[in-house]
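S.K.: Chains A and B, in that order, give the protein sequences. If you read the first sequence in this note's numbering, its first letter stands for residue 11, the second for the next number, and so on. If you read the second sequence in this note's numbering, its first letter stands for residue 11, the second for the next number, and so on. Idealized CB from N, CA, C, for every residue including glycine. Quick caveat, the model's predicted, so the values are computed rather than measured. Here it is, the structure in full.
Protein chains: 2
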Amino acid sequence: MPLVVQKYGGSSLADADRIRHVARRVAAERDAGSSLVVVVSAMGDTTDHLIELARQITRDPDPREMDRLLVTGEYQSSALVAMALHTLGVPAVSLTGAQAGIRTDGSHGRARIANVDPARIVREIGAGNVVIVAGFQGSTADTYAAGEVTTLGRGGSDTTAVALAARLRADRCEIFTDVEGIFTADPRVVPEARLLPVIGYEEMLELAHQGAQVMQVRAVELGWVNDVEIAVRSTFSDHPGTRIKEDPDVEQRNKVRGLATDRNVAKVTVVAVPDRPGIARTLFVPLADAGINVDVIVQNVSHDGTTDVSFTVPRSELARARRLLEPVVGEMGARELTADESVAKVSIVGAGIQNAPGYAARMFGTLADEGINIEMISTSEVRITCMINEADLQRAARALHRAFQLERPEPEVAAAR
Amino acid sequence: MPLVVQKYGGSSLADADRIRHVARRVAAERDAGSSLVVVVSAMGDTTDHLIELARQITRDPDPREMDRLLVTGEYQSSALVAMALHTLGVPAVSLTGAQAGIRTDGSHGRARIANVDPARIVREIGAGNVVIVAGFQGSTADTYAAGEVTTLGRGGSDTTAVALAARLRADRCEIFTDVEGIFTADPRVVPEARLLPVIGYEEMLELAHQGAQVMQVRAVELGWVNDVEIAVRSTFSDHPGTRIKEDPDVEQRNKVRGLATDRNVAKVTVVAVPDRPGIARTLFVPLADAGINVDVIVQNVSHDGTTDVSFTVPRSELARARRLLEPVVGEMGARELTADESVAKVSIVGAGIQNAPGYAARMFGTLADEGINIEMISTSEVRITCMINEADLQRAARALHRAFQLERPEPEVAAAR
Chain A
11 MPLVVQKYGG
21 SSLADADRIR
31 HVARRVAAER
41 DAGSSLVVVV
51 SAMGDTTDHL
61 IELARQITRD
71 PDPREMDRLL
81 VTGEYQSSAL
91 VAMALHTLGV
101 PAVSLTGAQA
111 GIRTDGSHGR
121 ARIANVDPAR
131 IVREIGAGNV
141 VIVAGFQGST
151 ADTYAAGEVT
161 TLGRGGSDTT
171 AVALAARLRA
181 DRCEIFTDVE
191 GIFTADPRVV
201 PEARLLPVIG
211 YEEMLELAHQ
221 GAQVMQVRAV
231 ELGWVNDVEI
241 AVRSTFSDHP
251 GTRIKEDPDV
261 EQRNKVRGLA
271 TDRNVAKVTV
281 VAVPDRPGIA
291 RTLFVPLADA
301 GINVDVIVQN
311 VSHDGTTDVS
321 FTVPRSELAR
331 ARRLLEPVVG
341 EMGARELTAD
351 ESVAKVSIVG
361 AGIQNAPGYA
371 ARMFGTLADE
381 GINIEMISTS
391 EVRITCMINE
401 ADLQRAARAL
411 HRAFQLERPE
421 PEVAAAR
Chain B
11 MPLVVQKYGG
21 SSLADADRIR
31 HVARRVAAER
41 DAGSSLVVVV
51 SAMGDTTDHL
61 IELARQITRD
71 PDPREMDRLL
81 VTGEYQSSAL
91 VAMALHTLGV
101 PAVSLTGAQA
111 GIRTDGSHGR
121 ARIANVDPAR
131 IVREIGAGNV
141 VIVAGFQGST
151 ADTYAAGEVT
161 TLGRGGSDTT
171 AVALAARLRA
181 DRCEIFTDVE
191 GIFTADPRVV
201 PEARLLPVIG
211 YEEMLELAHQ
221 GAQVMQVRAV
231 ELGWVNDVEI
241 AVRSTFSDHP
251 GTRIKEDPDV
261 EQRNKVRGLA
271 TDRNVAKVTV
281 VAVPDRPGIA
291 RTLFVPLADA
301 GINVDVIVQN
311 VSHDGTTDVS
321 FTVPRSELAR
331 ARRLLEPVVG
341 EMGARELTAD
351 ESVAKVSIVG
361 AGIQNAPGYA
371 ARMFGTLADE
381 GINIEMISTS
391 EVRITCMINE
401 ADLQRAARAL
411 HRAFQLERPE
421 PEVAAAR
């Protein structure tokens, strides 16, 4: 009997009607002969609501108590999905992340999965139950004795699903969401964006890193490392969606697979830093310790013994980054710290892109033809990112989509795989 | 260092402001030198909201999943109270009922506490923490291995608090609520009702049974059996409230201590039952199995070989009672089952009341003088209950309050104890 792991996101479980719909999907898969482990997020905006409640109490909640608060959203949705399955005559039990054997380190709010003990899930499947697992969470050990519940960070239910699929050697791992799959660009920015039937892990990682918010980055990494093929599909249609998998034929195809756009960006500049070794460490270690992602770092050549260092942080983290860096800037003897919140990032992503210089030239040329100024550039093996003015973002994305012919269907060979 | 168990109800925790207020009360008690275990209910109407969510999914939720859903309300409030204490510099940890060692039987939705394993609480108190315990819940065993979370029924947080106070041999057990204490009658029905400084366990039990909803009946029983003195107090004032305790001076005082009024009543009559042994068992065992409380049973004398059996059930349970009884009524050969939802109960409560017949006479006489018809009567050692028309309830209660001079202050000796 094939074992299928499905994950349903918060918008797929936003109310009783949607929970019933999800239950019907799960029941249909079971009727087709599968054993199922179903990972669920919290209903709708439950998690945001709980965060707001905590914020009304304190600006600096204890991480342990915050995790104990937030795990309840998935406890609730998992119990409700189990009830909805019962109404369809499907035997089902809900389990917390801890009961499902998700063992994590002790980093509250952004715990990493250390291992998965599948004993309870295996037992429940053996008893004929569909197992509904509360996503986004685990525990450091047996919570009754001394362990603590932990959460895996925003979008952590994706990671729960992929970790369970890997450990249980599931035949399929399906991430159900409110979009049809992974597109060549965000359809809200580029209306002519096209659904990708297949995308490689590395390309997907770069798209996710650069703002495509369909899947959590860590879940893609975990799938890559464990060779778990992941289907990203819509809860509300029967479209097969996008398969994320090792992509051996990548050399045969158009190298640019998609665009990513990201408005959650702020540019921070530390002005006139005395130019000596260790600047990067002094600036970036405090940010890394605080879990703030730094991206696109540029250090200008210095003439007078000082240098300007610019980098980007998520716009939502700017206030926190400022608080952390302002004392450091003083200690370094730099003149000041400035920030620009009117920027955005646009990236082209495709395996092998850096070894084909023509792509960089075409990207820069396209933006120049549109009269769009590039403020900063960063690249990886599979990505080129330009930071531009946020007001130019949509125009830039549509021009790049056309320039790389992303609206054209893939060759038949790829679509049929 | 004295050990104090405090319990705060849902209305005391309805929003962030009230949670902060509760934290200040707890902090003040700690500053006065006490160790504290704080039992919390779910915030405001959280539990009702969760029940409604489940009802939107199914009319017949699986009891295990229902308990898993409902326990989350107290998980949330316990984490938020701990956060609020942290903002006051008070070290605090929240624990689930399971972690607090509340071990129950497996009756989901109305579990009984089997025992309390205080190891984790004792350890946390030893570490200097205020321990915030999610009330209303426990678990059948270690939930990680094989145990299941259970809930103790509506108002179960009172029972959690008294059970912990008993097991930990607490110096005080305080139930904080939105009223000042126990009154001689419901002040919404009888405006001249007076706060009782002290009430005996048995009297309190009868008041609670007969509609005074300040405390859960089981919590009072548990306090009585374990000789835990319980203070019922207001979260929003410094009034000492009412102490529930063994009351040795009861013979010295006015025997009627209070009135109870209850509108959550329906009268059920099974008409023309063939009169043979076993009628009561046939009717009442299915109701008991379903957890429906039956009260005030009257069986009319039969002349033609049949009899009418009348009894009361909570009005909120009438629909369920009907569904359970209608097939039984057919099998018994009774003519029909009728129900009257326009009734209410008024009770006088006082230790030794049944051994002083003058009280019954005065009660019936008072109602007669008011022209109020008594439909059914039931009595216990410490209580006389009359079922009357609901429309007469307020008039009856005020007349009885006057007739038994309940507005008069207690003798000094009682108030000073």
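(1) In whole angstroms, give me the CA-to-CA distance for Ala94(B) and Leu105(A).
(2) Look at the Cβ atom of Val126(A), then the Cβ atom of Ala173(A), and state whether they are nearer than 7 Å.
(3) Less than 7 Å between C-beta atoms, sequence neighbours within five positions excluded: which residues of the same chain meet that for Gly99(B)?
(4) Just the chain A side, please: which residues come within less than 8 Å of Thr56(B) by C-beta, in chain order?
(5) If you follow the beta strand (DSSP E) that Pro284(B) is in, where does it begin and where does it stop?
(6) Can you confirm whether the segment 392 to 410 of chain B touches the segment 170 to 189 of chain B when touching is taken to mean that 3 or more C-beta pairs between the two stretches lie within less than 8 Å?
(7) Could you work out which residue in Ile135(B), Met11(B) and Gly20(B) is closest to Ser244(B) when comparing CA atoms only?
(8) Between the C-alpha atoms of Tyr18(B) and Ala92(B), what's the straight-line distance to the nearest angstrom?
(9) Which two residues bound the contiguous alpha helix (DSSP H) that contains Met53(B)?
(10) Could you pull out every residue in the same chain whose Cβ sits closer than 6 Å to the Cβ of Pro12(A), ignoring the five residues on either side in sequence?
(11) Taking just the CA atoms, how far does Arg405(B) sit from Ala203(B)?
(12) Rounding to the nearest angstrom, what Cα-Cα distance links Ala426(A) and Leu46(A) in this structure?
(13) Do three or more CB pairs link the segment 301 to 311 of chain A to the segment 346 to 353 of chain A at distances below 8 Å?
(14) Would a C-beta distance cut-off of 7 Å place Val356(B) and Ala407(B) closer than the cut-off?
(15) Taking Gln86(B) as the query, report the chain A residues whose CB atoms sit under 9 Å from its CB, ordered along the chain.
(16) Along the chain, where does the beta strand (DSSP E) that runs through Phe186(B) open and close?
(17) What whole-angstrom Cβ distance do Val15(A) and Glu39(A) have, given they're in contact under 8 Å?
(18) In angstroms with no decimal places, state the Cα-to-Cα distance between Glu84(B) and Thr57(A).
(19) Any contact of the segment 269 to 279 of chain A with the segment 321 to 333 of chain A, i.e. 3+ C-beta pairs under 8 Å?
(20) Output needed for Phe414(A): all residues of its chain with C-beta closer than 6 Å, excluding positions within five of it in sequence on either side, in chain order.
(21) Thinking C-beta only, is Leu23(A) closer than 7 Å to Ser87(A)?
(22) Name the chain B residues that come within less than 8 Å of Glu134(A), Cβ to Cβ?
(23) If you reduce the DSSP assignment to three classes, tell me which class Ala24(B) lands in.
(24) By the DSSP assignment, the beta strand (DSSP E) with Thr150(A) in it spans what residues?
(25) Any idea if Asp299(A) is buried or exposed, counting beta-carbon neighbours within 10 angstroms, 16 or more meaning buried?
(26) Could you tell me which whole alpha helix (DSSP H) segments of length 4 or greater appear in the segment 268 to 342 of chain A?
(27) Looking at C-alpha atoms only, which residue of Glu346(B), Glu417(B), Leu403(B) and Leu178(B) is the closest neighbour of Tyr384(B)?
(28) Going by DSSP, what residues sit across from Arg243(B) in a beta bridge?
(29) For the beta strand (DSSP E) containing Glu346(B), name the first residue and the last one.
(30) How many whole angstroms separate the CB atoms of Thr271(B) and Ala378(B), which I take to be in contact at a CB cut-off of 8 Å?
(31) Among the residues of its own chain, which have a CB less than 7 Å from the CB of Ala102(B), if the five just before and after it don't count?
(32) Could you name the residues that DSSP lists as bridge partners for Leu13(A)?
(33) Whole angstroms are fine: how far does the CA of Ile240(A) sit from the CA of Arg412(A)?
(34) Please work out which residues of its chain come closer than 6 Å, Cβ to Cβ, to Glu134(A), disregarding the five sequence neighbours upstream and downstream, and give them in chain order.
(35) Which chain A residues sit within Cβ distance under 9 Å of Leu174(B)?
(36) With burial defined as no fewer than 16 other Cβ atoms inside 10 Å of the residue's Cβ, what is the status of Glu341(A): buried or exposed?
M.R.: By the coordinates alone:
(1) 29 Å
(2) yes
(3) Excluding residues within five positions, none has a Cβ falling inside 7 Å.
(4) Within chain A, no residue comes near Thr56(B); the closest Cβ sits about 10 Å away, beyond 8 Å.
(5) Ala276 to Pro284
(6) Contact between the segment 170 to 189 of chain B and the segment 392 to 410 of chain B is absent, because fewer than three Cβ pairs lie under 8 Å.
(7) Ranking Ile135(B), Met11(B) and Gly20(B) by Cα distance to Ser244(B) puts Gly20(B) first.
(8) 13 Å
(9) No alpha helix (DSSP H) holds Met53(B); DSSP gives it neither H nor E.
(10) Ser44 and Asp181
(11) 14 Å
(12) In this prediction, Ala426(A) has a pLDDT of 40, which is less than 50 and means its spatial position is unreliable; what the coordinates show is noted afterwards. Spanning the two alpha carbons is a distance of roughly 27 Å.
(13) no
(14) The Cβ atoms of Val356(B) and Ala407(B) sit closer than 7 Å to each other.
(15) Residues of chain A passing the Cβ test: Leu60, Leu63, Arg78, Leu79 and Thr82.
(16) Residue range Arg182 to Thr187 is occupied by the beta strand (DSSP E) that includes Phe186(B).
(17) At roughly 11 Å, the Cβ-Cβ gap does not stay under 8 Å, so Val15(A) and Glu39(A) are not in contact.
(18) 16 Å
(19) yes
(20) Val266
(21) Result yes, Cβ atoms of Ser87(A) and Leu23(A) sit closer than 7 Å.
(22) Residues of chain B whose Cβ lies closer than 8 Å to the Cβ of Glu134(A) do not exist; the shortest such Cβ separation is about 11 Å.
(23) coil
(24) Neither: Thr150(A) is in no beta strand (DSSP E) and is coded neither H nor E.
(25) exposed
(26) 289 to 299 and 328 to 342
(27) Reading the sequence as shown, one finds Ile at residue 384(B) and not Tyr. Residue Leu403(B) is the option with its Cα nearest to Ile384(B).
(28) Phe186(B)
(29) Glu346 to Asp350
(30) With a Cβ gap of about 19 Å, Thr271(B) and Ala378(B) do not count as contacting.
(31) Ala92, Leu95, His96, Asn139, Val140 and Ile142
(32) Ser45(A)
(33) 28 Å
(34) Val103 and Val141
(35) Those do not exist, as Leu174(B) stays about 17 Å from chain A at its closest Cβ, beyond 9 Å.
(36) exposed
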